[in-house]
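Heads up, the thing below is written out as structure tokens.
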Amino acid sequence: MSERLIPYQPMDLAEPAELVAAIRKRRGGQFINLDRMLLHSVPIAEGWNHFIGEIRNNLSLDPKLRELAMCGVAVLNGAEYEFFHHAPPFKKAGGTEEQVQGLRLIGQATFPRQLFSQVENDAADLTFQMTRNIKVDGTLMKRLQQELGSTDTVELVTVIAAYNMVSRFLIALDVNPEDHPPA
């Protein structure tokens, strides 16, 4: 195994104490490798913890749609670490194992649309369009706004945008899944 260009911060990192405590609290007491990389920059780690914490915990958007988008971005960008961490919450939010496997085909002609509801398919299409094309079809946005309302549509767009940022960070810095994933 080759040495990392930028090593993870130690698992037992104690400083800056307030930030470390806040991250551990959000993570249920532990760090994941993403946190250990972010902690090379206190301002980035602080902003990330707050912003992503809000996305993960305080949106009105259906958690299944949120996690569907996160998994979709992960697949489209080749960020296995992201998929590894978001497939379990997708299932916890009501997704099935068959849907998890189907999400691995997002953006392909073989994507199993029949496994998903109309709004889930629209969320998958939005994820694809935002991630690959940047521009989004106006008809799709209108359908989502009618189905979800303005707040949840804005939140879905933000989830997709934010997790594109996450995947780009993970891939550029070669952040890999932990040996023992958090519960």
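Per UniProt numbering, residue 1 is the first one in the sequence shown, and the count goes up by one each step. From the three backbone atoms N, C-alpha and C, an ideal C-beta is built for every residue, glycine too.
Contact check for N176 against N57 fails: the beta carbons are separated by 8 Å or more. Secondary structure within the UniProt domain "Carboxymuconolactone decarboxylase-like" (45-106): the alpha helix (DSSP H) runs of 4 or more consecutive residues, fully enclosed, are 63-77, 80-92, 97-103 (chain order).
V20 sits in a helix when the DSSP states are folded into three classes. In terms of CA proximity to R24, H50 leads the group F90, P43, D62, H50. Linking A22 to W48 through their CA atoms gives a straight-line distance of about 11 Å.
At a Cβ-Cβ threshold of 8 Å, Q129 and V119 do not count as neighbours. Here V75 is buried: its Cβ has 16 or more other Cβ atoms, across all protein chains shown, within 10 Å. The alpha-carbon of E147 is positioned some 22 Å away from that of I134. Taking a 10 Å sphere around the C-beta of A162, we find 16 or more other C-beta atoms and assign the residue as buried.
The Cβ atoms of E82 and V157 do not sit closer than 8 Å to each other. The Cβ-Cβ distance between N164 and T131 falls below 8 Å.
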